[in-house]
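Comments concern the structure below.
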Amino acid sequence: MNSRFLGGLCAIAAFGLDQGTKALALNTPALERGVEVLPFLNLVRVLNDGVSFGMLGGIVPWWGLIALAGVIVAWLLIWLWRAPDRLTAAALGLIIGGALGNVLDRLRYQAVPDFLDFHYGTYHWPSFNLADVAIFCGAVLLFWDSFRSAQNKPERNHREENVTGK
């Protein structure tokens, strides 16, 4: 499978799962009060008008966040087009799909619906959604790939030295 195609599939999957779960969360009245799923996980509907963890909420207008996300997604698409391997392409696809899911929400609601609330006792992690999960997983894959690639670089340099005779 071509890496660009794989990246595109990952983007579509991340976008589709994100939008589907957000639609469920937005149309489930019980989530306004919160629903305990596990002793450490609640489902609760929150509209986040900021970026990660609500930062910049109310400071940067929603259209400014869309413009910034648009520039970032364009840069990621160029990177995807030039992706050297399938792992990089899949990671970029997850990030692109998640980012586009959040951009669509900002266009529709001027905020992003979050619904996953992990906690330990009274300590809560800021709520998030599957777009955030896709972006995080894509970033972790890119981070991991950077170490994997670094381990292979000396071997590549050694081969180039042997071929060029230097």
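So for the sequence shown, UniProt numbering puts the first residue at 1; every next one is plus one. All C-beta atoms in this analysis are idealised placements derived from N, C-alpha and C, irrespective of residue type, glycine included.
Judged by their CB atoms, Phe128 and Leu116 are nearer to each other than the 8 Å cut-off.
Buried is the label assigned to Ser3, since at least 16 other Cβ atoms lie within 10 Å of its Cβ. In the three-state scheme derived from DSSP, where H, G and I count as helix and E and B as strand, Asp85 is classed as coil. The beta carbon of Gly138 lies closer than 6 Å to those of Ala91, Leu94, Ile95 in the same chain, with the five residues before and after it left out. Scanning Asn27, Ile78, Thr21 for the CA closest to the CA of Asp132 turns up Thr21. Burial state of Pro39 is exposed, judged by a 10 Å Cβ sphere holding fewer than 16 other Cβ atoms.
Listed in chain order, the non-local C-beta contacts of Leu17 below 6 Å within the same chain comprise Leu130, local neighbours out to five positions each way being set aside. Boundaries of the alpha helix (DSSP H) harbouring Asp18: 3-26, taken from the DSSP string. Each residue's CA atom was taken as its position, placing His119 and Trp125 some 6 Å apart.
Beta-bridge pairing by DSSP links Tyr109 to no other residue.
For Asp49, the secondary structure class from DSSP, reduced to helix, strand or coil, is coil.
If you ignore the 5 residues before and after Trp81, its C-beta comes within less than 7 Å of the C-beta of Arg4, all in its own chain and listed in chain order.
DSSP places Asn102 in the helix class (H, G or I) of the three-state scheme.
Counting only residues of its own chain and dropping the five nearest sequence neighbours on each side, Val140 has no CB closer than 7 Å to any other CB. Between Ala14 and Gly98, the CB-CB gap stays under 8 Å. With distances taken between CA atoms, Leu31 lies nearest to Leu43 out of Gly8, Asp85, Leu43.
The DSSP-derived three-state label of Phe128 is strand.
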